[in-house]
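**Q** If you read the protein sequences in the order shown, they are chains A and B. Just so we're aligned, residue 1 is where the first sequence starts under my numbering, counting upward by one. Just so we're aligned, residue 1 is where the second sequence starts under my numbering, counting upward by one.
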Amino acid sequence: MAILDVKNINKRFGGLQALGDVNLSVAENSVHAIIGPNGAGKSTLLNVLVGKLIPDTGSVMFDGQSVLGRKPYEINQMGISRVFQTPEIFGDLTVMENMLIPCFAKRDGSFEMNAIASITQQRDVIEKAEHMLEDMNLIDHRDDHSASMSRGDKRRLEIAMCLAQDPRLLLLDEPTAGMARADTNNTIDLLKRIKEERDITIAIIEHDMHVVFSLAERITVLAQGTPLVEDTPDNIKGHPKVREAYLGETQDAA
Amino acid sequence: MFGLNAKDTRLFFIVIALVAFAPFLMNPFPTDSAMAQFNAGYPDLMQRFVIFGIFAIGFNILFGLTGYLSFGHAAFLGAGSYAAVWMLKLLTINVIPAIMISVIVAGVFALLIGFISLRRSGIYFSILTLAFAQMAFALAASVLTPITGGETGLQTALSDPRILDGARDAGGNIPAPGLWGMEMRDSAEWVVSGWQFTFNVGYYLAGLCMILAFYLSIRIFRSPFGMMLRAVKSNQQRMNYTGLNTRPYTLAAFVISGMYAGLAGGLMAAMDPLAGAERMQWTASGEVVLMTILGGAGTLIGPVLGAGFIKYFENIFSKINDNVLHQWFAFMPDGIEDFLVTIVHPFVGKGWHLTLGLMFMAVVIFLPGGLVEGGQRIARLFGRKKKAADKETDASKTPAE
Ligand SMILES: Nc1ncnc2c1ncn2[C@@H]1O[C@H](COP(=O)(O)OP(=O)(O)OP(=O)(O)O)[C@@H](O)[C@H]1O
Ligand SMILES: [Mg+2]
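(1) Any beta carbon from chain B within less than 7 Å of residue 102 (chain A)'s own beta carbon?
(2) So for residue 217 (chain B), helix, strand or coil by DSSP?
(3) Can you list, in chain order, the residues of the stretch 82-112 of chain A whose Cβ is nearer than 9 Å to any Cβ on chain B?
(4) Within 8 Å, do at least three Cβ pairs link the stretch 89-96 of chain A to the stretch 65-77 of chain A?
(5) Is the CB of residue 117 (chain A) under 7 Å away from at least one CB in chain B?
(6) Cβ of residue 237 (chain B) versus every heavy atom of ligand 2: is any distance shorter than 6 Å?
(7) Provide the residue(s) that pair with residue 195 (chain B) in DSSP beta bridges, ordered along the chain.
(8) Measure the C-alpha to C-alpha separation of residue 144 (chain B) and residue 221 (chain B) and round it to an integer number of angstroms.
(9) Does ligand 2 have a heavy atom nearer than 6 Å to the CB of residue 30 (chain A)?
(10) Is the stretch 69-76 of chain B touching the stretch 32-45 of chain B in the sense that three or more CB pairs, one from each, lie closer than 8 Å?
(11) How would you list, in chain order, the residues of chain B whose beta-carbon sits under 9 Å from the beta-carbon of residue 72 (chain A)?
(12) Output the distance between the C-alpha atoms of residue 209 (chain B) and residue 54 (chain B), rounded to the nearest integer angstrom.
(13) For residue 161 (chain A), go through chain B and note every residue whose CB falls closer than 9 Å to its CB, in chain order.
(14) May I ask which residues mark the beginning and end of the beta strand (DSSP E) holding residue 218 (chain A)?
(15) According to DSSP, residue 15 (chain B) sits in a beta bridge with which residue or residues?
(16) Given a threshold of 16 other Cβ atoms within 10 Å of its Cβ, counted over all protein chains shown, does residue 335 (chain B) qualify as buried or as exposed?
(17) Residue 394 (chain B): buried (16+ other C-beta within 10 angstroms of its C-beta) or exposed?
(18) Would you check if the stretch 306-322 of chain B and the stretch 342-357 of chain B touch, i.e. whether three or more CB-CB distances between them fall below 8 Å?
(19) Could you check whether the Cβ of residue 77 (chain A) sits closer than 7 Å to any Cβ belonging to chain B?
(20) Sorted by chain position, which residues of the same chain lie with C-beta nearer than 8 Å to residue 325 (chain B)'s C-beta, five sequence neighbours on each side aside?
(21) By alpha-carbon positions, which one of B:199, B:298, B:363, B:180 ends up nearest to residue 21 (chain B)?
(22) Could you tell me whether any Cβ in chain B is nearer than 7 Å to the Cβ of residue 194 (chain A)?
(23) Kindly list, in the order they appear in chain B, the residues whose Cβ is closer than 8 Å to that of residue 122 (chain A).
(24) Please report the straight-line C-alpha distance between residue 194 (chain B) and residue 310 (chain B), rounded to a whole angstrom.
(25) Exposed or buried, what is residue 224 (chain B) when buried is set at 16 or more other beta-carbons lying within 10 Å of its beta-carbon?
(26) Just the chain B side, please: which residues come within less than 8 Å of residue 114 (chain A) by C-beta, in chain order?
(27) Taking 7 Å as the CB-CB limit, is residue 277 (chain B) close to chain A?
(28) Could you spell out the range, first to last residue, of the beta strand (DSSP E) harbouring residue 20 (chain A)?
(29) Please confirm whether residue 234 (chain B) has its beta-carbon closer than 7 Å to some beta-carbon of chain A.
(30) In the DSSP output, what is residue 71 (chain A) paired with across the bridge?
(31) Hey, which residues come within less than 7 Å of ligand 2, measuring from Cβ to any heavy atom, in chain order?
(32) Measuring from the CB of residue 39 (chain A), is there a heavy atom of ligand 1 at a distance below 6 Å?
(33) Between which residues of its own chain and residue 125 (chain B) is the CB-CB distance below 8 Å, once the five residues before and five after are set aside?
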């Protein structure tokens with residue numbers, strides 16, 4: 001059963017065909033990786049999925065409902081959460097406050113005029129947020145300014161914020177980019193654990209093949225805006241087209 | 001207490017005490033001493049302190065929390081004033097209905113203007129609010145003369161109906177705005193060996209309103225709603241992708257701050273039943289921006305301090321003329337006296353704007369957190385002598401003090 005069905009998506013930026021006839025189907029409760037060289041259109045595809053960009057043609061169905069034309073906050077409330085390529089957190093707020101906001105969004109919906117009650121009275125939300133912080137090993141940073149944390153901690157906080165909403169589909173855009181090896185391995189373990197503990201579908205964009213092959217059940221290779229192949233990790237490893245796309249790219253870069 | 005944590009309760013009681021004892025605190029110098037001109041404890045000025053305090057507290061809920069910088073909040077102040085004067089003309093000279101209607105009318109105006117202006121953010125939002133306010137100012141001064149009294153302004157008159165309590169008072173004059181037999185301009189004097197203290201009805205009514213307005217602002221700051229407003233300022237993108245619709249949050253903040261402005265405008269009309277279009281002018285909108293930033297945007301007490309500071313300067317520094325300066329420096333030899341007077345002259349009297357401008361620049365450059373940050377630094381300086389480490393963490397934990 002596919003939870004996400006993307007059909008015939010095209011997106012042009014002026015003369016640049018960023019996405020060309022993209023078809024993608026993500027099975028429920030799977031981990032699906034999207035890989036491809038820089039500028040392949042991976043982030044653009046995620047932008048279409050979360051309502052940040054409107055494609056020129058095509059359809060996006062999530063759990064049988066169309067996503068296109070909805071506002072980002074509506075799509076999120078449908079159950080799609082996204083972790084960005086550069087961490088998007090509330091830098092002026094404390095770590096705990098960062099955690100509270102998605103918890104309130106989950107409980108109260110997209111808007112709630114809760115202007116008189118003190119936050120400290122909202123026991124249920126506070127407990128949930130603290131639990132998430134403990135679970136993600138961030139509780140020591142509870143009262144820190146989130147902007148002052150390391151990049152790895154910010155990324156972990158952003159993942160925790162997304163998970164606090166109990167999303168059905170979690171979109172990760174290069175979650176280990178710029179991380180040290182140890183942090184990368186921790187993230188792999190974390191994502192594995194999340195997958196075991198929850199009914200959740202994960203779509204992950206990643207350049208680090210170690211991460212991809214540790215997690216993914218299926219892999220889509222995107223090059224110049226078009227899906228090249230989609231297959232299991234084992235078949236992708238030796239695929240000539242993939243080697244071509246990647247090797248060609250690395251030779252150019254070098 | 002009152003649903004506030006210990007720290008906020010303390011701050012709240014300090015504000016209550018300041019308002020209650022202002023007639024003493026503002027008049028520290030004996031009436032015939034040389035320093036008496038620095039006394040600010042007269043009703044007119046004390047009323048302005050608390051009324052502009054309300055204006056700035058409300059403005060801070062929008063600007064301090066969400067970061068949306070409105071340059072048109074004077075429009076709501078003006079709308080509140082006009083509404084209040086109309087109430088004093090048509091219904092009753094009792095100020096309570098006038099004050100209530102001013103809040104409602106300003107709220108409706110803010111809803112309309114906010115709905116349109118909040119379609120944009122940043123500088124475009126500021127320009128939109130400025131355009132609306134200037135439009136309101138121009139209309140009030142011209143086309144809308146039947147409602148606003150045009151350039152002369154709107155005031156109470158003998159010919160008003162005042163359906164509840166009649167057009168004139170016992171003496172046949174226009175009645176003064178009042179509250180169950182007391183008039184806003186009524187004052188009690190207390191003279192103690194050289195000192196004179198004035199307790200004014202209007203001041204205490206406005207002061208009570210400011211205390212309530214301040215209390216509400218603490219509650220908003222500490223509520224989930226207040227946290228969402230700070231999240232808007234911090235990262236709108238993350239908010240949207242966390243399933244939160246930012247528009248109603250910003251609109252609610254805009255309307256609340258517009259209602260605060262309306263309350264301030266209504267109180268102005270209650271103290272002195274006269275409303276003019278200049279209350280809506282962009283300089284008035286700019287003033288509340290200065291007050292909030294000078295005191296400390298996003299802090300609880302900052303706007304109140306900023307409002308008091310600016311109003312004090314406007315009224316006290318502007319009164320120091322060359323005669324006063326000559327008195328001050330009279331003990332100097334003649335040549336030096338004249339020289340000093342020449343040096344100080346541009347900074348006082350009509351030049352008070354220059355002093356205020358320089359202080360504003362100094363605060364923005366050296367104390368980006370406003371006067372509140374200055375206070376915190378001083379407190380930390382003294383605290384360090386006692387328990388250094390303890391104090392440091394305490395201060396960093398409470399960004400929105
Ligand atoms: N908003 C935009 N306007 C114009 N061009 C864009 C926009 N967003 C992306 N592009 C272009 O579309 C192409 C695909 O970009 P995208 O960010 O999707 O690549 P990517 O696969 O995520 O690459 P990377 O691995 O470097 O993150 C790039 O050439 C990029 O410059
Ligand atoms: Mg990308």
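Heads up, the beta-carbon is just placed ideally off N, CA and C, and yes, glycines get one too.
**A** On the basis of the data shown:
(1) Cβ-Cβ to chain B under 7 Å: yes for residue 102 (chain A).
(2) Three-state DSSP puts residue 217 (chain B) in a helix.
(3) 82, 84, 88, 89, 90, 91, 92, 93, 94, 97, 98, 100, 101, 102, 104, 105, 106, 108, 109, 110, 111, 112
(4) At 8 Å Cβ cutoff, the stretches do not touch.
(5) yes
(6) no
(7) B:192
(8) 38 Å
(9) no
(10) no
(11) Per Cβ cutoff of 9 Å: 237, 240, 241, 243.
(12) 8 Å
(13) 238, 242
(14) 218-223
(15) BP columns for residue 15 (chain B) are empty, so no partner.
(16) exposed
(17) Annotation note: pLDDT 45 at residue 394 (chain B) (below 50); position unreliable, coordinate value reported separately. Under this definition residue 394 (chain B) is an exposed residue.
(18) yes
(19) yes
(20) 340, 341, 344, 345, 348
(21) Among B:199, B:298, B:363, B:180, the Cα nearest to that of residue 21 (chain B) is on B:199.
(22) False, the Cβ-Cβ gap to chain B never drops below 7 Å.
(23) 224
(24) 28 Å
(25) buried
(26) 223, 224, 225
(27) no
(28) 16-27
(29) yes
(30) Looking at the DSSP output, residue 71 (chain A) shares a beta bridge with no other residue.
(31) In chain order, the qualifying residues are A:42, A:43, A:85, A:173, A:174, A:205.
(32) yes
(33) 68, 69, 70, 117, 118
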